[in-house]
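K.L.:
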Amino acid sequence: MSGRAALACVALAFALAACGERTQTMSSDTKKPDVPGWKGGSNAAYNAPGWVASDQTAWEAQLRARAQAQNDYATPATK
Amino acid sequence: MARMKFICDAERCIECNGCVTACKAEHDVPWGVNRRRVVTLNDGIAGERSISVACMHCSDAPCMAVCPVDCFYRTDEGVVLHDKDVCIGCGYCSYACPFGAPQFPSNGTFGLRGKMDKCTFCAGGPEDNGSQAENAKYGRNRLAEGKLPACAEMCSTKALLGGDGDVVADIFRTRVLNRGKGSEVWGWGTAYGKPSAPGKGAAPAEPKKS
Numbered sequence: 599m600s601g602r603a604a605l606a607c608v609a610l611a612f613a614l615a616a617c618g619e620r621t622q623t624m625s626s627d628t629k630k631p632d633v634p635g636w637k638g639g640s641n642a643a644y645n646a647p648g649w650v651a652s653d654q655t656a657w658e659a660q661l662r663a664r665a666q667a668q669n670d671y672a673t674p675a676t677k
Numbered sequence: 543m544a545r546m547k548f549i550c551d552a553e554r555c556i557e558c559n560g561c562v563t564a565c566k567a568e569h570d571v572p573w574g575v576n577r578r579r580v581v582t583l584n585d586g587i588a589g590e591r592s593i594s595v596a597c598m599h600c601s602d603a604p605c606m607a608v609c610p611v612d613c614f615y616r617t618d619e620g621v622v623l624h625d626k627d628v629c630i631g632c633g634y635c636s637y638a639c640p641f642g643a644p645q646f647p648s649n650g651t652f653g654l655r656g657k658m659d660k661c662t663f664c665a666g667g668p669e670d671n672g673s674q675a676e677n678a679k680y681g682r683n684r685l686a687e688g689k690l691p692a693c694a695e696m697c698s699t700k701a702l703l704g705g706d707g708d709v710v711a712d713i714f715r716t717r718v719l720n721r722g723k724g725s726e727v728w729g730w731g732t733a734y735g736k737p738s739a740p741g742k743g744a745a746p747a748e749p750k751k752s
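Here the protein sequences line up with chains W and P, keeping their order.
Converting from the first sequence to this note's numbering requires adding 598 to each position, the first position being numbered 1.
Converting from the second sequence to this note's numbering requires adding 542 to each position, the first position being numbered 1.
1) Would you kindly work out how many angstroms separate the C-alpha atoms of P:S698 and W:K630, rounded to a whole number?
2) What number of angstroms, rounded off, separates the C-alpha of W:K637 from the C-alpha of P:K657?
3) Assuming P:S594 contacts P:L702 under a Cβ cut-off of 8 angstroms, what Cβ separation, rounded to an integer in Å, is found between them?
4) Using 8 angstroms as the limit for Cβ to Cβ distance, is P:A686 near chain W?
5) Quick one, which residues of the segment 607-637 of chain P are near chain W if we go by CB-CB under 8 angstroms, in chain order?
6) Taking Cβ to Cβ, would you say P:V562 is nearer than 8 angstroms to P:P647?
7) Specify, as a first and last residue, the run of the alpha helix (DSSP H) that P:Y615 falls within.
8) Using a Cβ-Cβ distance cut-off of 8 angstroms, determine whether W:S652 contacts chain P.
9) Taking DSSP as the reference, what is the three-state secondary structure of P:A552?
10) Ignore the nearest five residues each way along the sequence and tell me which others in P:P572's own chain have a CB closer than 6 angstroms to its CB.
11) Use the C-beta contact count for P:F548: other C-beta atoms within 10 angstroms, 16 or more gives buried, fewer gives exposed.
12) Are the CB atoms of P:D625 and P:P668 within a distance shorter than 8 angstroms?
13) Examine chain P for any beta-carbon lying closer than 8 angstroms to the beta-carbon of W:S600, and answer yes or no.
14) Contact check, P:A486 vs P:A638 under 8 angstroms by CB: the rounded distance?
15) Start and end of the beta strand (DSSP E) containing P:I587?
16) Starting from P:G704, follow its DSSP beta bridges and name the residues at the other end.
17) On the DSSP bridge list, what partners appear for P:S592?
18) Once you ignore the five residues that flank P:E754 on each side, which residues in its own chain have a CB closer than 8 angstroms to its CB?
19) Counting pairs of beta carbons, one from the segment 712-725 of chain P and one from the segment 652-671 of chain W, are three or more of them closer than 8 angstroms?
20) Relative to the C-alpha of P:G586, which candidate in P:E557, P:E687, P:G631 has its C-alpha closest?
21) Given a threshold of 16 other Cβ atoms within 10 Å of its Cβ, counted over all protein chains shown, does P:C664 qualify as buried or as exposed?
22) To which residues of the same chain is P:N559 closer than 6 angstroms at the C-beta, ignoring the five residues directly before and after it?
23) Starting from the beta carbon of W:V608, find every residue of chain P whose beta carbon is closer than 8 angstroms, and list them in chain order.
24) Tell me which same chain residues have a C-beta within less than 7 angstroms of the C-beta of P:P610, skipping the five on either side of it?
25) So, for P:E619: in the same chain, excluding its five sequence neighbours on each side, which residues have a beta-carbon less than 7 angstroms away from its beta-carbon?
26) Does the distance from the CB of W:A651 to the CB of W:A642 come in under 8 angstroms?
27) From which residue to which residue does the beta strand (DSSP E) around P:V622 run?
28) Write down the C-beta distance between P:G666 and P:E676 rounded to the nearest angstrom, noting that I regard them as a contact closer than 8 angstroms.
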């Protein structure tokens, strides 16, 4: 009887051994979250004029307008 | 917003390396690491063309696919970035990248091959935007300042365009149309040949019977 109990204990120990293992799966949970660019940087003094940090729409409009500086064929009003 | 993209206009690039210098200066990139470089085709032959190449921030990036420690991530704007705290400097991304974008410092703390460094589209890394830690590891975060990449903004001939993919594609298309060209300079026909052009994707002509 005691032999069976010992065997059961050993089997149980083996069965539960995997439960103590840490997961080795790579997942996005382990990654550091990145702050979106539209939230702005730590020093507003470096920000380009014309938009307000934390305003995503203003940030996107700012980048689109700034990209037009690369357009030779844009009218001066949109440059 | 569409995805952030670079386009280099080979008709305008004069191989001045201003983009390379701007990137180096803006991010204090170490000696031996070139996040951006200018490649010249048919160098020295009449009609040579140059293009500025860096990370293309692929929509389906092979570097992300092969990284064994999954250190890459993509921002909402489509910029492919990586976490240097997770990178082990194995170099798999370097073999996978068709543009040679991943760079490895050879004189760092980690011996002959340090942690990978590449173009960030001037968007820094996972550290706080504009923080000292971010600046030290990835360089300046210009996107968080409402600016576009330094290389594109510094280009004297405006050959290198950077920004919202829809906007830069539109700028490039306008240029090409103003040169008197049309859809023959981009798209499927250019890449694979037109059906009417023999030997460029068209069905082979039948041999003449004699």
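We treat Cβ as the ideally placed atom computed from N, Cα and C, and that holds for glycine.
Remember, predicted model here, so these are calculated numbers, not experimental data.
P.N.:
Once the coordinates are examined:
1) 37 angstroms
2) 28 angstroms
3) 5 angstroms
4) yes
5) V611, D612, Y615, T617, D618, E619, L623, D625, D627, V628
6) no
7) It is not in any alpha helix (DSSP H) - P:Y615 instead sits in the beta strand (DSSP E) that spans 614-616.
8) no
9) coil
10) P647
11) buried
12) yes
13) no
14) One cannot answer for residue 486 of chain P here, as it falls past the ends of chain P, which runs 543 to 752.
15) Element bounds for P:I587: n/a, residue is neither H nor E.
16) P:F548
17) P:T582
18) Not covered by the structure: residue 754 of chain P. The range shown for chain P is 543 to 752.
19) yes
20) P:E557
21) buried
22) V580
23) What W:V608 touches in chain P: nothing, since even the nearest Cβ is about 36 angstroms away.
24) C632, Y634
25) M543, R545, M546
26) yes
27) 622-624
28) 5 angstroms
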